[in-house]
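Enquirer: Chains as they are written, first to last, in this note's numbering: chain A, 2 to 367; chain B, 2 to 367; chain C, 2 to 367; chain D, 2 to 367.
All C-beta atoms, glycine included, are put in the ideal place defined by N, C-alpha and C.
Following this message is one structure expressed as structure tokens.
4 protein chains.
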Amino acid sequence: MSHNSFGHLFRVTTWGESHGPALGAVVDGCPPGLRFTLEDIQVWLDKRKPGQSRFVTQRREDDLVKVLSGVMPQEDGSMITTGTPISLMIENTDQRSKDYGEIAHQYRPGHADYTYDVKYGIRDYRGGGRSSARETAARVAAGGIARLVMPGVTIRGALVQIGTHKIDRNNWDWAEVGNNPFFAPDPKIVPVWEEYLDGIRKAGSSVGAVVEVVAEGVPAGLGAPIYAKLDQDIASLLMSINAVKGVEIGNGFGAAEITGEENADQMRMGNDGKPLFLSNHAGGILGGISTGEPIVARFAIKPTSSILTERQSIDAEGRNVDIRTKGRHDPCVGIRAVPVGEAMLACALADHYLRDRGQTGRQRER
Amino acid sequence: MSHNSFGHLFRVTTWGESHGPALGAVVDGCPPGLRFTLEDIQVWLDKRKPGQSRFVTQRREDDLVKVLSGVMPQEDGSMITTGTPISLMIENTDQRSKDYGEIAHQYRPGHADYTYDVKYGIRDYRGGGRSSARETAARVAAGGIARLVMPGVTIRGALVQIGTHKIDRNNWDWAEVGNNPFFAPDPKIVPVWEEYLDGIRKAGSSVGAVVEVVAEGVPAGLGAPIYAKLDQDIASLLMSINAVKGVEIGNGFGAAEITGEENADQMRMGNDGKPLFLSNHAGGILGGISTGEPIVARFAIKPTSSILTERQSIDAEGRNVDIRTKGRHDPCVGIRAVPVGEAMLACALADHYLRDRGQTGRQRER
Amino acid sequence: MSHNSFGHLFRVTTWGESHGPALGAVVDGCPPGLRFTLEDIQVWLDKRKPGQSRFVTQRREDDLVKVLSGVMPQEDGSMITTGTPISLMIENTDQRSKDYGEIAHQYRPGHADYTYDVKYGIRDYRGGGRSSARETAARVAAGGIARLVMPGVTIRGALVQIGTHKIDRNNWDWAEVGNNPFFAPDPKIVPVWEEYLDGIRKAGSSVGAVVEVVAEGVPAGLGAPIYAKLDQDIASLLMSINAVKGVEIGNGFGAAEITGEENADQMRMGNDGKPLFLSNHAGGILGGISTGEPIVARFAIKPTSSILTERQSIDAEGRNVDIRTKGRHDPCVGIRAVPVGEAMLACALADHYLRDRGQTGRQRER
Amino acid sequence: MSHNSFGHLFRVTTWGESHGPALGAVVDGCPPGLRFTLEDIQVWLDKRKPGQSRFVTQRREDDLVKVLSGVMPQEDGSMITTGTPISLMIENTDQRSKDYGEIAHQYRPGHADYTYDVKYGIRDYRGGGRSSARETAARVAAGGIARLVMPGVTIRGALVQIGTHKIDRNNWDWAEVGNNPFFAPDPKIVPVWEEYLDGIRKAGSSVGAVVEVVAEGVPAGLGAPIYAKLDQDIASLLMSINAVKGVEIGNGFGAAEITGEENADQMRMGNDGKPLFLSNHAGGILGGISTGEPIVARFAIKPTSSILTERQSIDAEGRNVDIRTKGRHDPCVGIRAVPVGEAMLACALADHYLRDRGQTGRQRER
């Protein structure tokens, strides 16, 4: 059982709160013999790091990751995995706990305050404690390890919708994702989103978004029906991200609207003698098993619940209160969810990759 | 690990293929002391049973469930659970395996034929074998047990969309669901769907759909962050249903389009002295934990991939072939997915209900 | 979580009671492409079957196993596994429930009657219900599947002690195990045990025993430290067998009595260029990982608690009672534990074999 | 799946190597609302700490534990658990990695060197890396948390045998355990062991031992048949301790030697109106479920494999070598296994305690 763990052969356990001394992840099951540098992991944390533009929270965290176990340090500064658990730690440095004193006994609408109190009878109110999106730093670190596991697999994500403003998929250019503060693959949407989000931000409001994550180079045959389907495990991990309210694979909810003729991807033998799908409505998964086509998943993030407008709520003593959430927050938490979604997809794939091939058998035969 | 199992304290393992002698489920972790009759389980199987209208497959199966273990038979014909695993078996009776001979070596587009062959190198092609939606009979039987576990919880489902035809939510009436062959909660949509689906059926085509499942009376406090969130586990189980391509909780993808002011559910103390949510955009779950409001989930089912129109594909020997799927099939498999979705929701909730309360401690103290 | 399941990649779930209609096992994770006949499984059940000599219970059960799923039947009567769950069922035929009416409310000393009642508040008293050693038939069937998984691995067991009468290990001859009703590897102990057990049996008494199970041909490298050590998982499964009170690996408790010089197995390169252990005190496992030497485990079985001598106990209403257990029972339940121990060892090894190599990756590459 | 985790509702994941920067445990599933101080955990680590007498390794580690998450710090310096994962870290301070350079490519007999290399193809040879008994510090810290979970349960351990020298059970006095460097409950054995172990130590040799751990105050009803039996889980965890080769419950292997009349514990109603067992051969467990009597388990620890006598072995390149193990080691590693065994028993019981009662349901109702 796994309140704070996920995966089976590639198994990640995260720990830590928003305002504790540190947070981290233990990655268990990483195959031995993989060489990497700290920078290979840090690069993903930097992508998720707060304070990088005016559209995300102004909390300042360096989010420097430490590797405490599971590797043999090499003379060139790199590390080689040994097959033992990799403990990753990120220290919290910029905690302004005083921001939260007022809400220690009040339930912020849309947050987990009420439900944590109901469930546990005690709650670390400082920055949302364990329910803070800060926990996703640990996921991103673990995702960095997951990426090492699968040679030839590329995992990328992009923001495809903010509020009702969607990208034009005809403009999709992966190279553009790094050129704007939104991870937008469509350069033409950038000024639209900038103007829209500036308005949201200045109003002390927030808005939802949709993220798309894609894995290319995934071998056919990953996933284990009936209850360890690849799409099921991807859905589970994406839904576990803070504020996510919907997940779809391939054409997703769009599949409900079309006919069997339109939806089912036809096949032909390719010129290279390999099976070829003529389309990818399935998002790379049939019967819970990867087809070899790109894995495509999308998830919807609700608007940040922390807003400056006064809202009706109650407190722990059962009194009606009106709350305005102070503290530093993201006007659109969906932006920073892009690297988190990538990490979750990487972890899900790494887990099924190892289930299929075993943790160490392959290594031994090389 | 659990290729064919799900749940932790309420744990279900299913087995069986479309054209084997039988299929079934082992339900492990059901608390002792629950009294039920065979009819209490059979009623849900009857709801899912094929051949009940022209809009579903004409395969005829009685789907009679047997209870092989885990209960003490009582003199009045009822049974009482003992806390040991409950083995449920449904025998297959109407198997027309000859329908499938032709496709033994051909990959039907949209089906799991290709991926099973890639993964396993062998495939029970008869009716899709393990990948057949027939496996969901076992889920529905297990769901019948799950419903016994939680006193006061009501779990219901309805079809809310076929193709682009959506119900009018203002007309929602749960009492109507049993009055039409679609599990439609809106009586006005019924003639529209009838006409539309008749066209689809006669054309040998198929179409997708959206199902909504709702659980009322769920106590606040179920669900275990961070990686055993209630919404995560619901999403996982709904996505595991055959042909499901998307899942959402509460307002789901709609949450991406609105602001924090619109989305976060405000609270007030109710006249009964209990906390009251003024809306339920969250679908009854905050921070992965139930709020006490109704749990609301929707899932999108792709159109049945078995259609009479000839489609391009390949065979196991790597030759291009054109396939027209024969056999008996559902023009809209989404209809029969309603009781399956209910069962999955029931199982997810029963599991978290027991995690919270323990398997037997409560019983002992009564 | 797994009240009634064990294993991870080779995962077995058993169900059924002593006096229900049937019992069985679902074997999940068996690799595809393995060909076997019903006889390949039945042979192990026949070995465990009651009523085969005067030294075991006179209950008569054919214990015929049925395979309900997970295989493609072949024209020659054999079956090939498909990678989907294999459902094995054994129907109960010789149930004399009336034997047990008297003890429905009395707690037999040494049995699980009291603890089941305390835990569950209800108990299937007929033949001990789920706590009956009859459940081990399902284990033995599953073990038959497990043996198919590992080519070149031989798993055998023998009885090495009854009461204080131990075999002479110098006489060990595996070929003798099938030549006597005790699975004794030492033909000289047979008349001793016969005379001793005849006395026990006629006195309506019972006695304990020790079983040794050995796996040869196990590749080096199986087992996953720190908490999925091969010896740990073997100990867990052997301890799960009814009436087992102790487990040891290699020289076991004997290791406590000797020095490091005596205990640690030295190594040399063999003439075949392979590493060679000069002894096997470790029982084939170092640091939780197999060495390539034979895996050797022993377990102690307590005397059958069902005896004809009157014993002091209480009943469910809290009254003192004196009980004499009727019904048919084994004077030395350790005898029939031999095939059960073999099955548990086979399952533990199959699980780790697949963890190491993956469920299907190897198959695909052939 | 759980290479480096154990437990289900009380779930512990450990990480770290002998000579890495730190090691630790993440304890997931600890109920909320438990107040403790750092000293409550440190006390158990101090008991296990090396360098406390001439009979254990002279490595000097303070083994100071830090709590990095899962608690709300209180003004008085204590902490209250919040139900979120508790991350415990112990920094390594006295690492003499240079001691191990020579054996980087040689396989020490009796150690995990060979098997780790076979399995992983890479090995942290510094102090045995992950296979070092230093990992047990993390277990002991986790055990400290486990003890908090069960009010009224007392868990104690003692050394009962070194080599062939056994304590006299008639002299058993728990109060004596803290009065000698062996955790011996029999003061008369102390001079015997001192003299014997001094000889072993001076000879650069080592010897095995047997530890007994006892839990009193355990409520009846813990444990979940058939494959999550309490004795099974205790055996699994005790066998997972480094160097353990045998485990027994109650009279253990002794049960094999006696009759049903002698072995089965009779019952009577006590004067307090509660069920009373007249003996405890079962070691507090029947049918895998606790009886309410003390849980009694013993485990055998092999002699430390690190000895000064030259031994035959091979190196990673397949050459014969003769090895004499340098470095600081325990002449009888069984001594320091006492607090480790206690910790494992505490964790197993805490897990089943929570399975029975649920993680949080009870708390909410107080």
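Among D/A347, D/A244, D/A265, D/N181, which has the Cα closest to the Cα of D/L231?
Expert: Checking every option, the nearest Cα to that of D/L231 belongs to D/A347.
Enquirer: Taking Cβ-Cβ distances shorter than 9 Å, what residues in chain A pair up with D/M268?
Expert: The premise fails here: D/M268 is roughly 34 Å from chain A at the closest Cβ pair, so nothing lies under 9 Å.
Enquirer: Short of 8 Å Cβ to Cβ, which residues in the stretch 9–27 of chain A face chain D?
Expert: Answer set for the stretch 9–27 of chain A: H9, L10, R12, T14, T15, W16, G17, E18, G21, P22, A23, L24, G25, V27.
Enquirer: Comparing alpha-carbon positions, which option in A/R55, A/G224, A/W173, A/V219 lies nearest B/S132?
Expert: B/S132 has its Cα closest to that of A/G224, out of A/R55, A/G224, A/W173, A/V219.
Enquirer: Is the Cβ-Cβ distance between D/V211 and D/L149 less than 9 Å?
Expert: It is not a contact, given that the beta carbons lie outside the stated cut-off.
Enquirer: For the putative contact between D/F278 and D/D266, defined by C-beta atoms under 8 Å, what is the C-beta separation to the nearest angstrom?
Expert: Going by Cβ atoms, the distance from D/F278 to D/D266 rounds to 5 Å, so yes, they are a contact pair.
Enquirer: Counting only Cβ-Cβ distances shorter than 8 Å, please list the residues of the stretch 335–360 of chain C near chain A, keeping chain order.
Expert: Of all residues in the stretch 335–360 of chain C, L355, R356, D357, R358, G359, Q360 have a Cβ within less than 8 Å of some Cβ in chain A.
Enquirer: Can you list, in chain order, the stretches of the beta strand (DSSP E) that have 3 or more residues and sit fully within the stretch 221–276 of chain A?
Expert: Listed in chain order, they are 245–250, 268–270.
Enquirer: Below 7 Å CB to CB, which residues in the same chain sit around B/H330 once its five sequence neighbours on both sides are set aside?
Expert: Excluding residues within five positions, the ones whose Cβ falls inside 7 Å are T58, T305, S307.
Enquirer: Under 7 Å Cβ to Cβ from C/G111, same chain only, skipping five residues before and after it: list those, please.
Expert: If we look at C/G111 and ignore the five residues flanking it on each side, its Cβ neighbours are S306.
Enquirer: Under 9 Å between the Cβ atoms of D/D316 and D/Y121?
Expert: Result no, Cβ atoms of D/D316 and D/Y121 do not sit closer than 9 Å.
Enquirer: Given a threshold of 16 other Cβ atoms within 10 Å of its Cβ, counted over all protein chains shown, does A/T85 qualify as buried or as exposed?
Expert: A/T85 is buried by the Cβ-count criterion.
Enquirer: Whose CA, out of A/A139, A/I190, A/G129, lies closest to the CA of A/N171?
Expert: That would be A/I190, whose Cα lies nearest to the Cα of A/N171.
Enquirer: Is B/T116 close to chain C? Criterion is C-beta to C-beta, closer than 9 Å.
Expert: Taking Cβ atoms only, chain C never reaches closer than 9 Å to B/T116, which makes this a no.
Enquirer: Look at the Cβ atom of C/W16, then the Cβ atom of B/S88, and state whether they are nearer than 9 Å.
Expert: Yes; because the gap between Cβ atoms is below 9 Å, this pair is in contact.
Enquirer: For A/H166, which of helix, strand or coil comes out of DSSP?
Expert: DSSP places A/H166 in strand when its eight states are reduced to three.
Enquirer: Could you say which of C/K246, C/R135, C/E318, C/T116 lies nearest to D/P220 if we only look at CA atoms?
Expert: Selected option, being the one with the closest Cα: C/T116.
Enquirer: For D/T85, decide whether its Cβ has a neighbour in chain B, counting only Cβ atoms nearer than 9 Å.
Expert: Answer yes: the Cβ-Cβ gap between D/T85 and chain B drops below 9 Å somewhere.
Enquirer: Report the partner residues of A/A298 according to the DSSP bridge assignment.
Expert: A/A298 is bridged to A/V214, A/I250.
Enquirer: Between D/P182 and chain B, is the shortest Cβ-Cβ distance under 9 Å, so that the two count as touching?
Expert: Chain B contact via Cβ: absent.
Enquirer: Would A/R358 and C/R358 be called neighbours here (beta carbons separated by less than 9 Å)?
Expert: Yes, Cβ-Cβ distance for A/R358 and C/R358 is below 9 Å.
Enquirer: Please report the straight-line C-alpha distance between C/R163 and C/V245, rounded to a whole angstrom.
Expert: Here residue 163 of chain C turns out to be Ile, not Arg, going by the sequence shown. Approximately 14 Å, taken between the alpha carbons.
Enquirer: Is it right to say A/E76 is buried, meaning 16 or more other beta carbons lie within 10 angstroms of its own, or is it exposed?
Expert: Its Cβ having fewer than 16 others within 10 Å, A/E76 is exposed.
Enquirer: Which of the three DSSP states is assigned to B/I81 in this structure?
Expert: Here B/I81 sits in strand by DSSP.
Enquirer: Comparing alpha-carbon positions, which option in B/G158, B/R325, B/V334 lies nearest B/I104?
Expert: Nearest option by C-alpha distance: B/R325.
Enquirer: Which residue's Cα is closest to the Cα of D/G342: D/G21, D/W45, D/K327, D/H20?
Expert: Of the candidates D/G21, D/W45, D/K327, D/H20, the one whose C-alpha sits nearest the C-alpha of D/G342 is D/W45.
Enquirer: Relative to chain C, which residues along the stretch 196–219 of chain D have a C-beta separation below 8 Å, given in chain order?
Expert: Residues passing the 8 Å Cβ filter: I201, S206, S207, V208, G209, A210, V211.
Enquirer: Check whether the stretch 261–275 of chain A and the stretch 171–188 of chain A are in contact - that is, three or more C-beta pairs closer than 8 Å.
Expert: The stretch 261–275 of chain A vs the stretch 171–188 of chain A: no contact.
Enquirer: Would you grab the beta carbon distance between C/S207 and C/C31 for me? Rounded to a whole angstrom, and I think it's under 8 Å.
Expert: Incorrect: roughly 37 Å between the Cβ atoms, too far for contact.
Enquirer: How far does the alpha helix (DSSP H) with A/K120 in it extend, from its first residue to its last?
Expert: A/K120 -> alpha helix (DSSP H) spans 114–121.
Enquirer: Would A/L4 count as contacting chain D if we go by Cβ distances under 9 Å?
Expert: The identity of residue 4 of chain A in the sequence shown is His, whereas the question assumes Leu. A/H4 counts as touching chain D.
Enquirer: Would the beta-carbon of C/I302 fall within 9 Å of that of C/I242?
Expert: Contact flag set, yes.
Enquirer: Hey, how far is the Cα of B/G362 from the Cα of A/P74?
Expert: Bear in mind that the predicted position of B/G362 carries a pLDDT of just 47, short of 50, making it too unreliable to give a figure here.
Enquirer: Of all Cβ atoms in chain B, is any one closer than 9 Å to the Cβ of D/P152?
Expert: No, its Cβ sits nowhere closer than 9 Å to a Cβ of chain B.
Enquirer: Verify the CB distance criterion: does D/Y121 have a CB-CB separation below 9 Å to chain A?
Expert: Yes, because at least one Cβ of chain A sits closer than 9 Å to the Cβ of D/Y121.
Enquirer: Helix, strand or coil: which one does DSSP assign to B/W16?
Expert: Three-state DSSP puts B/W16 in a strand.
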